[in-house]
Structure formats: C-alpha cells, structure tokens
Amino acid sequence: MATVTLTPKKVPSLRLEADNITPDVFAGKSAAEIAGLHVFTGNTQELLGDYFTVAGSAGATAAETSIVIDGDASRVKYIGMKMSAGDILVKGNADMYVGAWMLGGKITVKGSIDAFAGTGMTGGEIIVDGDAGNYLGAAYRGDWRGMQGGLIRVGGNAGSDIGTFMRGGEIIIGGNTDVHVGTHQEGGRIVVKGDCKSKVGGQMVEGEIIVFGDIEVMMPGFQYRNDVDLEVDGSEATFALYEGDVGERHPKRKGDVVFGKLYLKY
Amino acid sequence: MAEYLIRNGFVYDPVLGIDGDKKDIAVKDGKIVETTALSKPTEINAAGMTVMAAGVDVHAHVAGPKVCVGRNFRPEDKLFNSTPQAGIKRMEGGFSVPTTLRTGYNYARMGYGFVMEAAMPPLFARHVHEEIRDTPIIDEAALPVFGNNWFVLEYLKNKEIENTAAYIAWLLRVTKGFGIKNVNPGGTEAWGWGMNCETVNDVVPYFEITPAEIIRGLIEANEYLGLPHCMHVHGNSLGEPGNYTVTLDTLKQAEGYTAKNDFGRDTVLHHTHLQFHSYGGTSYSSKGFESKSKEVMDYVNKQDNITFDLGVVTLDETTTMTADGPFEHHLSHMNHLKWANVDVELETAAGVVPFIYNPKSYIAGAQWAVGIELGLYAKDMMKTYITTDHPNAGPFTRYPRVIKWLMSRAAREHMLEKELKYGDSIRNTCYIGEIDRELTLFEIAQMTRAGPAKVLGLSHMFGSLRPGCEGDVAIYPYNPEAIDPSRDPELIERAFSTAQYLIKGGEMVVKEGDIVSNGSKRTFWVDCTTSENPQVQRDISEKFKRYYSVTEANYEVSGHHYVPNPYVIEVDASQ
Chain D
1 MATVTLTPKK VPSLRLEADN ITPDVFAGKS AAEIAGLHVF TGNTQELLGD YFTVAGSAGA
61 TAAETSIVID GDASRVKYIG MKMSAGDILV KGNADMYVGA WMLGGKITVK GSIDAFAGTG
121 MTGGEIIVDG DAGNYLGAAY RGDWRGMQGG LIRVGGNAGS DIGTFMRGGE IIIGGNTDVH
181 VGTHQEGGRI VVKGDCKSKV GGQMVEGEII VFGDIEVMMP GFQYRNDVDL EVDGSEATFA
241 LYEGDVGERH PKRKGDVVFG KLYLKY
Chain C
267 MAEYLIRNGF VYDPVLGIDG DKKDIAVKDG KIVETTALSK PTEINAAGMT VMAAGVDVHA
327 HVAGPKVCVG RNFRPEDKLF NSTPQAGIKR MEGGFSVPTT LRTGYNYARM GYGFVMEAAM
387 PPLFARHVHE EIRDTPIIDE AALPVFGNNW FVLEYLKNKE IENTAAYIAW LLRVTKGFGI
447 KNVNPGGTEA WGWGMNCETV NDVVPYFEIT PAEIIRGLIE ANEYLGLPHC MHVHGNSLGE
507 PGNYTVTLDT LKQAEGYTAK NDFGRDTVLH HTHLQFHSYG GTSYSSKGFE SKSKEVMDYV
567 NKQDNITFDL GVVTLDETTT MTADGPFEHH LSHMNHLKWA NVDVELETAA GVVPFIYNPK
627 SYIAGAQWAV GIELGLYAKD MMKTYITTDH PNAGPFTRYP RVIKWLMSRA AREHMLEKEL
687 KYGDSIRNTC YIGEIDRELT LFEIAQMTRA GPAKVLGLSH MFGSLRPGCE GDVAIYPYNP
747 EAIDPSRDPE LIERAFSTAQ YLIKGGEMVV KEGDIVSNGS KRTFWVDCTT SENPQVQRDI
807 SEKFKRYYSV TEANYEVSGH HYVPNPYVIE VDASQ
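Protein chains in written order, with the numbering used here: chain D, 1 to 266; chain C, 267 to 841.
Quick look at the structure:
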C-alpha cells in the first residue's frame with residue numbers, strides 16, 4: 001500500500017472543489033503529477049499543488065493507494081467522490097460531498113463533515129468520528145436513487161434529511177439527528193443511537209429505521225405491530241416495531257404487503 | 267455569401283434518384299446551385315464520405331413549457347454531463363431534456379437542419395417560441411395542439427368544417443404555428459372529467475363527440491385550408507397492450523380523403539410514434555404481450571395517403587412528456603417516480619414522468635423490437651420516418667443508433683443475444699428475429715430527409731440537393747465502399763453521430779466535427795388567409811371574455827420579440 005500525504009498549505013478563498021482527490025485518480029501518479037491535478041475555486045481552475053504539499057507517491061491501482069490529508073479540509077469538497085477502492089484518511093474536518101457516488105474503498109474522517117456525504121453511494125465505507133451534516137447518504141437533488149450500498153458510520157450527531165431515498169446499505173449515527181430521517185426510504189437500514197426530532201420515515205416504502213433514543217414527534221403514518229428483541233450493532237435490546245408509512249404505496253411480496261419498519265427502543 | 271464546392275462524396279438524394287454516386291455539390295448564396303454557377307468556391311474534399319441534404323425531423327419535443335418542466339424537475343438529467351462554454355459554443359447540459367443550446371448543437375452534430383416541435387399548447391406559445399429562438403442553428407416550427415380544444419370540439423360536433431378551419435387559421439396566425447397536431451383526440455379533455463377516450467368511438471363527456479369525428483374533422487379542415495403539413499395525430503390508448511386495433515381504427519379515418527395543397531404533399535394523415543400504438547396482448551409481461559407491428563404495417567402499406575414515424579425505444583433513462591395527460595398519470599403509477607401535470611385552460615394539458623427503459627426488463631426490449639419492426643416492414647420509405655418521439659422513447663441523439671439497427675441485422679442480433687435479458691422471449695412474442703431486411707443508405711436518406719420534408723410540405727426547400735433547395739448539406743465520415751454494415755455496425759452509429767461538415771443555409775456550421783457557427787436559425791410558421799368569418803371572430807371574443815384568464819390582446823405571439831427571424835409560408839384559403 002503506497003501512501004500519498006496531502007498537507008494543507010493555504011486556506012482557499014472560496015470552497016475548493018477537489019473531486020480529483022481519490023485513489024482512482026491518484027493511482028499510478030508521482031507526487032509532482034498529483035500536485036499538477038486541477039481543482040476549482042468558483043469558476044477558476046487551479047492546481048492541487050497550490051493548496052497542498054504533496055508527499056509520497058500513489059500505488060499502481062486505486063486499491064493499492066492510500067491518501068492522507070494531514071490537516072483541516074473544512075473548505076475542501078468532493079473528497080473521495082466516485083472512488084472505487086483504496087482508502088482516504090482526513091485528520092481534520094471535511095466539507096460537503098465526502099464519498100459521494102462512492103463505489104468501494106474506505107474514507108475515514110477524524111473531525112466532522114458537511115452535507116451530502118455518501119450521496120448515491122453504492123459501496124464502500126465512510127467512517128466519521130465527529131458530526132455529519134444534512135443529506136447524509138441521500139439522493140442527489142431530484143434523483144430517486146439515494147445510498148444503495150455500503151456503510152456510513154458517524155460517531156457524533158447528524159443533521160436533517162439523512163437517508164432520503166435510501167435504497168440499500170447502512171447508516172449508523174452514534175448521536176442524535178435533526179428532522180427527516182429516511183424520507184422516501186425504499187431499502188437499507190438507518191440506526192440512530194440517540195434521539196430523532198420528527199418526521200422519521202415519512203413516505204417510507206421499505207427498509208428499516210432503528211432508534212435507540214426518543215422520537216420527539218412520531219409520523220401519523222406508522223402503526224404499532226408488536227415488540228421484538230434485536231441485536232443491533234453489538235447491543236441487544238427490546239424494541240417496539242411500527243410499520244409504515246401507511247399513506248404510501250407498498251409492494252406485495254409472496255402475498256404479504258411489505259412496509260417500512262421503524263423500531264423504537266423501550 | 268460564401269460559396270462551397272463539396273467534391274467527390276458519395277451522394278444520396280432520393281428526390282434526384284442519386285444512390286451513392288460520386289458527385290460534386292455546389293452551394294452559393296444560401297442555396298444549392300449547379301456547379302457551373304460557382305466562381306471562387308471554398309472546396310471541401312468529401313472523398314470517402316457520405317453526402318446528403320441536412321436531416322429533417324418530423325416530430326420531437328424540444329421547446330416549450332413541458333420540456334421546461336422536464337428540465338426543472340430533473341436536475342439529475344444534467345448531473346456530470348454539462349460542458350463549459352468553449353469557442354463560439356455556450357455552456358450545454360442535459361441528456362434526455364437538454365438545454366436549448368445543446369439541442370441545437372446536437373442536431374447540428376448529427377447533420378440535421380430542420381426540427382418540428384411536435385406539440386405547442388397555444389396558450390403557452392410564447393414560451394415555445396422563446397425556447398425555439400434560443401435554440402441555435404436549426405430551423406424550427408411548432409404544431410399547436412387541436413384535438414382537445416373547446417372551439418374545435420364544439421365546431422366539429424356540429425360538423426362545421428369551415429368554422430373549424432377559420433379558427434385553425436386564426437390560431438396558427440396568433441401562435442405562429444405550423445400545422446395541426448392532434449394528441450389523444452378527445453381523451454385529454456375527457457380526463458378533465460376523470461375519464462379517457464380509449465377507442466375512437468368513446469364519447470367525450472359534455473362535448474358529445476368521438477375521437478373518430480375529431481380526426482376526420484381535422485383532416486377535412488386541414489385540406490380545406492390546404493396547409494403544407496397534414497393532420498398529425500397521436501392516437502388514443504398510447505402504450506396500452508392490445509391497442510393496435512385502436513390504431514387501425516384511427517388510420518382508417520383517413521380513407522377516402524385526398525390531399526389538397528400547393529406544397530407537393532400527397533398524404534392526409536401522419537401518425538406519430540407508431541411504435542407506442544402497435545401492441546397486442548393484454549399485459550406487459552412476456553406471457554401477455556405481443557408485437558402487432560406486422561398487422562399494422564399490412565394496413566399502412568396498402569394505403570397511399572398515410573405517413574408515420576417510428577418512435578423507437580432506445581433503452582435509455584429518459585423523460586416522457588406528452589399532451590396525453592391521462593397516459594402520464596398512468597405511467598407515474600407504474601414506475602412510482604416523479605409526476606408533473608399541467609392543465610392548459612380550454613386547450614390541452616401535459617404530463618411529465620421520468621422513465622427508464624431497462625434492457626433487463628422484457629417489456630422495454632419488446633418495445634424496442636416493435637419500433638424497429640415497423641421500419642423494416644415498411645414498403646414506402648418516403649412515408650416512414652425515423653424518430654424516437656424525443657424524449658419519450660429516447661433522446662434524439664440516438665437516431666444514429668436507430669439507423670444502425672435498421673441497417674444491420676448483426677446489430678439487431680447483438681441486441682437480442684447480448685444486450686437484452688429477455689432476447690428469447692422477445693423473439694417469441696415479436697417479429698424482429700425473423701426479419702432479414704437491412705435498410706440501405708438511400709432508404710435512410712428517404713426516412714430522415716426527403717420523406718419528412720415532403721410530408722411537412724417543405725420539399726421545395728429541404729430534403730434534397732436539387733439546385734434551388736436551401737444550402738443545407740451534411741457530410742458524414744461514412745465510406746459505403748469500405749464499411750460493411752453486417753460486420754461494422756458501430757461505424758454506422760459513429761458516422762451519423764458526428765457529421766464532419768454541416769452547411770446550413772449556405773453557412774459552414776460544423777467543420778471537421780466541431781461547431782464553428784451558431785448559424786442563422788429561422789422559425790417557420792404558416793400564415794393562412796381565409797375569408798371573413800364573423801361567427802368565429804365572435805366566438806373567439808366570447809370565449810376570451812367568459813373563460814380565458816388572459817385577454818385576447820395578450821394572447822398573440824408578437825413576431826418581433828418572439829419570432830425575430832421568421833420564415834412565413836403564405837397559404838390562401840379565401841377562395
């Protein structure tokens with residue numbers, strides 16, 4: 001595994017659009033070649049080397065390439081966008097669209113991330129020690145294909161609209177979320193260890209939402225079914241199972257109507 | 267203006283009967299001329315390339331409110347495919363609902379010069395014309411929709427052809443329209459009452475008229491006026507399994523009518539996107555569906571006053587949009603994606619739904635087969651036109667792919683064997699597997715240029731390289747002596763996607779594959795003079811006072827702003 005280390009040397013005046021920071025793009029390139037990749041600030045095209053000191057060199061393929069951002073990237077967007085393999089470690093914060101449309105590999109962020117992380121992702125892992133912003137694992141604006149596979153794990157809190165149009169994969173939030181969880185969800189699993197505010201599972205068709213804490217205001221479209229014992233992410237507990245959103249259409253499978261499942265811990 | 271001499275290309279011109287002969291084509295002052303008329307031409311070496319008149323598209327949805335709804339509610343259609351401005355090109359984006367700029371550029375890249383916007387809601391004609399104006403290079407026109415219009419329904423109910431014609435002439439003038447479009451006759455109005463017209467004999471509520479009467483009445487009005495284009499119909503029950511009988515009933519309405527016009531058009535009914543109307547069976551599953559393209563074409567081939575376009579499904583993720591409101595509602599309940607609907611007061615409606623024609627599903631593959639079969643069963647290619655009902659069955663940028671499928675059996679077999687998951691079921695339920703025919707470049711030229719130009723009444727300007735026609739010439743990197751369609755079908759698609767040169771109106775627009783000019787696009791419309799008709803004038807004023815939310819004075823598309831570069835076709839129907 002070859003490692004490329006990017007050390008921030010200048011704070012961008014506008015947000016830096018750096019979708020080139022992926023193992024796929026870096027693969028097979030030297031430090032000088034990587035420093036020569038383009039980034040955008042607004043409509044101005046600049047070089048990655050203008051903002052980062054590049055050390056090390058990439059492996060022959062994405063899978064053999066590690067990227068370390070040794071510092072704060074709070075103003076750097078699209079880190080790991082569309083990456084298929086390899087890994088990225090961000091030692092500080094990262095801006096929007098971390099791992100958007102990601103296919104595989106792993107992104108670890110020690111700090112917090114902004115909105116739209118994991119947009120439309122189909123595989124791989126995003127691990128965040130701090131907080132996540134809004135629209136985590138959601139669909140691109142207008143699209144109906146949110147997160148479809150892979151894992152997003154957030155140690156802290158998440159914002160609003162997480163897992164919108166989610167169709168597969170798993171999102172685990174260590175802390176609390178804001179409003180709108182799993183809106184239009186059609187598959188996959190969202191686990192919230194803390195509390196949710198309201199509008200959880202609105203227009204949900206299929207999939208699971210598991211909440212360990214409280215939901216401040218339940219959606220009226222969910223109906224209590226029964227209690228179940230579950231082991232979730234290493235801890236066992238008893239949950240109340242609600243099904244919904246009954247206001248939405250639901251497919252039939254083997255004669256039974258399939259609902260979205262909302263588990264609320266006692 | 268510039269002079270061009272296009273030398274040594276393989277020329278295909280069905281009007282002149284030129285079938286791949288090596289010829290020189292001359293352009294001067296915006297027109298095709300004899301080569302002897304040139305003095306100091308710029309020479310273009312077209313050796314080893316195919317030369318045709320620029321393409322003419324008879325039916326596409328490229329401008330107006332429903333296209334704009336599609337663009338607005340599908341930001342994902344532009345995701346990762348926008349390109350920044352470069353040279354004379356401005357920024358372009360979008361796949362199934364491209365921006366106006368990309369629309370113009372992409373047609374030019376395919377060597378097209380004229381496009382008919384197939385459905386203009388009269389009340390929103392200004393919007394249509396604003397987008398047409400903003401679409402560079404290609405000449406365009408728009409067909410206002412009449413098949414659910416209250417004036418038309420009321421006049422035709424009383425068999426008042428003269429009044430219908432007078433109203434149509436008035437509407438074409440105020441909306442700067444080109445001809446008569448007839449979408450789901452009566453059905454869209456019926457939907458306002460929670461119903462539909464599923465056959466040509468279903469009665470429209472309140473108006474008490476049938477689709478058959480609307481179709482015949484509009485044909486009669488069209489020929490009464492002598493418009494350049496014929497009545498252009500999208501029949502009832504689009505997309506429904508078993509609808510081919512409705513289609514045959516629709517086509518039969520043209521029996522007994524002959525074309526009366528001064529534009530060389532000899533047909534009275536154009537049925538659009540026939541693919542969507544040639545289904546048998548009772549469901550969309552492989553056990554319940556069958557192609558009826560052969561049955562439909564058996565009828566069409568016997569008629570001499572009907573034309574049609576294919577509407578080939580291209581197996582893409584696209585955006586459906588039509589004035590057939592009930593159909594879009596139905597579609598949104600099948601795929602559970604976004605749905606937009608607009609009612610246009612007194613006149614029409616429209617719906618928009620994204621749609622994925624998935625090659626892994628049986629029905630999308632079967633729909634693909636039906637469209638191609640229609641083209642292969644057709645006998646008169648001057649009456650058979652290539653379309654994808656853009657963007658309904660697929661984006662217009664797939665025309666080169668459709669040409670490939672029509673020209674190469676190997677390309678079709680590749681689809682059935684490799685690309686489509688249910689190739690075997692499609693062979694069993696459709697005809698595609700048993701058809702050997704491979705269309706020729708001459709036939710493709712008929713289907714994409716000479717034929718559409720003729721049915722639009724524009725054969726004096728487009729579709730041929732005859733001296734006197736517009737200087738619209740496309741040159742494709744396709745060497746018919748070197749390319750074998752059965753072995754290299756991909757080269758067909760590539761060549762027709764990337765015209766090496768397009769000369770439009772005598773001006774070089776595409777040079778060596780690059781857009782080098784935004785051209786001088788024109789908007790065509792038909793100014794039809796009728797004798798005074800006080801009753802229709804009174805009815806129009808009355809309807810505006812009683813029902814419309816705009817005044818009559820604010821309805822008209824004023825030419826100088828909305829149609830800055832018009833080409834007006836005068837028709838005198840006052841006698």
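Think of the CB as a built atom: it goes at the ideal place given N, C-alpha and C, for glycine as much as any other residue.
For Y665(C), the uninterrupted alpha helix (DSSP H) run begins and ends at 665 to 673, by DSSP. In this chain, the beta strand (DSSP E) harbouring M382(C) covers 378 to 386. Residue range 405 to 410 is occupied by the beta strand (DSSP E) that includes L409(C).
If the five residues before and after Y523(C) are omitted, its C-beta is found closer than 7 Å to the C-beta atoms of I485, E489, V534, N571, all from its own chain and listed in chain order. Here K684(C) is exposed. Its C-beta has fewer than 16 other C-beta atoms within 10 Å. Within chain D, G142 have C-beta atoms less than 7 Å from the C-beta of F339(C), given in sequence order. Secondary structure within the segment 446 to 511 of chain C: the beta strand (DSSP E) runs of 3 or more consecutive residues, fully enclosed, are 447 to 449, 497 to 500 (chain order). Contact between I79(D) and V98(D) is confirmed by a C-beta separation of about 5 Å, below the 8 Å threshold. In the three-state DSSP reduction, C794(C) falls in the strand class (E or B). Where Y263(D) is concerned, the enclosing beta strand (DSSP E) starts and stops at 260 to 265. By the neighbour-count criterion, in which a residue is buried when 16 or more other Cβ atoms sit within 10 angstroms of its Cβ, H827(C) is exposed. When DSSP states are grouped into helix, strand and coil, K649(C) belongs to the helix group.
For chain C, the residues of the segment 238 to 254 of chain D that bring a beta carbon within less than 9 Å of one of its beta carbons are R249, in chain order. Taking C-alpha positions only, T584(C) is separated from A73(D) by approximately 37 Å.
A straight line joining the alpha-carbon of E186(D) with that of V775(C) spans about 48 Å.
In this structure T441(C) does not touch A407(C) by the C-beta definition: roughly 11 Å separates them, more than the 8 Å allowed. Considering only L136(D), N93(D), G244(D), F116(D), the residue with the shortest C-alpha distance to K261(D) is G244(D). When DSSP states are grouped into helix, strand and coil, H536(C) belongs to the strand group.
An exposed status is given to K645(C), since fewer than 16 other beta-carbon atoms sit within 10 Å of its beta-carbon. Here L540(C) has F574, L640 as same chain residues with Cβ atoms under 6 Å from its own Cβ, once five neighbours each way along the sequence are excluded. Under the three-state reduction of DSSP output, M563(C) falls in the helix class. Close to L345(C), with beta-carbon spacing below 8 Å, are these residues of chain D in chain order: Y140, D143.
If you draw a straight line from the Cα of T5(D) to the Cα of A55(D), it comes to about 5 Å. Residue burial annotation: A58(D) is buried, with at least 16 other C-beta atoms found within 10 angstroms of its C-beta. At least one beta carbon of chain D lies nearer than 8 Å to the beta carbon of L603(C). Contact with chain D is absent for E685(C), since none of that chain's Cβ atoms lies less than 8 Å from the residue's Cβ. In the DSSP assignment, E309(C) falls within the beta strand (DSSP E) that extends over 308 to 311. Under the three-pair Cβ rule at 8 Å, the segment 465 to 481 of chain C does not count as touching the segment 598 to 605 of chain C.
Excluding its 5 nearest sequence neighbours in each direction, K560(C) has C-beta neighbours in its own chain below 8 Å: E639, Y643, Y697, listed in chain order. A straight line joining the alpha-carbon of M219(D) with that of G460(C) spans about 31 Å.
Residue environment analysis places A478(C) among the buried positions, since at least 16 neighbouring C-beta atoms fall within 10 angstroms of its C-beta. A distance of 8 Å or more separates the beta carbons of T695(C) and L576(C).
Between T401(C) and A312(C), the C-beta spacing is not below 8 Å. Using a Cβ distance threshold of 8 Å, V449(C) and A385(C) count as a contacting pair. In the DSSP annotation of this structure, the continuous segment of the beta strand (DSSP E) that includes E208(D) starts and ends at 206 to 211. Straight across, the Cα-Cα distance linking T365(C) with C334(C) is about 9 Å.
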